[in-house]
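Letter by letter, the sequence shown follows residues 2 to 341 in the numbering used here. The next block holds one structure in the form of structure tokens; read it before the comments.
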Amino acid sequence: MNKSQLHAIMVFVAIIVIISISACKENSENPVKGKVICLDPGHGGTAETDSFRIGPTGEREEWINLRVALILAEMLEDKGAEVVMTRTDDMPVDLSTRAEMAVSSQSDIFISIHHNGTADPGVNFPIIYYHGNASENLAGIQIAKILAKNLQESFYAYDVPASLISDFVIFPFGGTRILRESYGIPGIIGEASFFTNAEEEQRLKEEQYNRKEAQAYFKAINEYFSQEAKRVLPKFSKIKLLPFEAFQEEERMDSIALLWHDDFERAALLVKSDKHDSLLLAEQLLIRSLRSFPDSWIAGEAHLKRSEVLRKLGRIEEADSALLRAKEHYILIDNLSQER
Ligand SMILES: [Zn+2]
């Protein structure tokens, strides 16, 4: 090899090194580039038929979901992500079609954007649902934790608890259709806040506030793609729990459901007792609290307390299963804050 050949090879190697360094830098600075991201604004086109998903002054959940998703889509596309939207208008799209869009586009992540409603108008905090069991849906838990942290830190102006919960908690016989039929793609349903809270409903009407929420999702999605992705193991490959039935949507809006926190507090005192009758009452109150508001931030703890009560009552098998349910269907907030 002569001198000029050697020189040419050295220049070639240098160019390759520079190209790969800049590609690497681009990737770490812009982790969503080239990713296929499926955004699903929940519901749509139900103004004539649905009087449940609506705030005190008439703002509809489906409208808020769409506004946030459209802003988020623009943010992601600006960074070179390929965004698949399950709807871009106020129109109905059935759940299977939405899941199919995520699957057929081979999306890298699936984010279903919702807002929540409940009987208690004072309640406002984020809930994030993953599908199935925590020990199997590792990627779902990964996204849920990152999103909860970002919503807590940059969407809420005050300290707020968050619920990270399996969708089997609200639909005990199979979870949500949308996450079930897209299972395998790392995905979650995000419910950033409650439109049944009057002050929150007013904020949610504002474009700037929708943008703040979209920004929290944007940061979370970027953070997720900067980390090493965890896996989604086959459902029920490790564990299968029996259903624990919650009240369904309309029942959760009635007056008994309003006692969810009082029931928990009363039970928490009774759990300390050794009297048989007190323990039985504690169990009843915990069950009622869990059925009234199965996805509250104290629900995981309520299952733990129920396990304690059942153990004291000598019902060991039921106690073990309550404990397992708390671990698989609830990521307890204490765990979350310890990791931060
Ligand atoms: Zn919804």
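Ideal Cβ positions, reconstructed from N, Cα and C, are used throughout, including at glycine. Predicted model, so just to flag it, every value in this text is computed and none were measured.
Query	Result
Can you list, in chain order, the residues of its chain with a C-beta nearer than 6 Å to that of residue 6? Leave out the 5 residues immediately preceding and following it.	none
Answer yes or no: the CB of residue 134 versus the heavy atoms of ligand 1, is any distance below 8 Å?	no
Identify, in the order they occur along the chain, each residue of the same chain with its Cβ nearer than 8 Å to the Cβ of residue 78, setting aside the five sequence neighbours on each side.	84
Compute the Euclidean distance between the alpha carbons of residue 165 and residue 111, then round it to the nearest angstrom.	16 Å
Examine ligand 1 and report whether any of its heavy atoms sits within less than 8 Å of the Cβ of residue 54.	yes
My understanding is that residue 129 touches residue 149, with C-beta atoms under 8 Å, so please give their C-beta distance in whole angstroms.	6 Å
With DSSP run on the structure shown, which of helix, strand or coil describes residue 219?	helix
Residue 225 bridges to which residues according to DSSP?	Residue 225 pairs with nothing; no bridge assigned.
Per DSSP, residue 307 is paired with what?	Answer is none; residue 307 lacks a bridge partner.
Return the CA-CA distance between residue 59 and residue 142, expressed in angstroms with no decimal places.	33 Å
What residue does the alpha helix (DSSP H) around residue 317 start on, and which one ends it?	317–330
For residue 55, which beta-bridge partners are listed by DSSP?	61
Could you check the C-alpha separation between residue 224 and residue 168 for me, to the nearest Å?	23 Å
Hey, how far is the Cα of residue 336 from the Cα of residue 163?	Summary for residue 336: the model assigns pLDDT 40, below 50, so the residue's position carries little reliability; its value from the coordinates is reported in the next sentence. Approximately 12 Å, taken between the alpha carbons.
Run the CB neighbour count on residue 8, radius 10 Å, all protein chains shown included, and call it buried at 16 or more, exposed below.	exposed
What's the gap between the Cα of residue 310 and the Cα of residue 328?	17 Å
Nearest-angstrom Cα distance between residue 70 and residue 40?	7 Å
Using the beta-carbon count (16 or more within 10 Å), is residue 292 buried or exposed?	buried
Fully enclosed by the region 182–211, which alpha helix (DSSP H) runs are 4 residues long or longer?	199–205
From residue 64 to residue 102, what distance separates their C-alpha atoms?	21 Å
Is the closest heavy atom of ligand 1 to the C-beta of residue 45 under 8 Å?	no
Below 8 Å, how does it come out for the region 115–128 and the region 192–206: are there three or more Cβ pairs, yes or no?	yes
Since residue 126 and residue 298 should fall inside the 8 Å C-beta cutoff, what is the C-beta to C-beta distance between them, to a whole number of angstroms?	6 Å
Check each candidate in 82, 92, 325 and name the one with the smallest Cα separation from residue 50.	92
List the residues that DSSP assigns as beta-bridge partners of residue 279.	Its beta-bridge partners do not exist; DSSP assigns none.
Looking only at its own chain, which residues have a Cβ that is under 6 Å from the Cβ of residue 321, when we skip the five neighbours before and after it?	none
Below 7 Å CB to CB, which residues in the same chain sit around residue 37 once its five sequence neighbours on both sides are set aside?	83, 85, 106, 107, 108, 109
With distances taken between CB atoms, is the gap from residue 235 to residue 137 smaller than 9 Å?	yes
In this structure, how does DSSP classify residue 266 when only helix, strand and coil are distinguished?	helix
One question on the structure: do residue 46 and residue 196 come within less than 9 Å of each other, judged by their Cβ atoms?	no
Using three-state DSSP, classify residue 31 as helix, strand or coil.	coil
Would the C-beta of residue 304 count as close to ligand 3, meaning under 8 Å from any of its heavy atoms?	As presented, the structure is devoid of ligand 3, carrying ligand 1 as its sole ligands.
Hey, residue 287 and residue 264: beta-carbon distance below 9 Å or not?	yes
Tell me which residue opens and which closes the alpha helix (DSSP H) that residue 104 is part of.	96–105
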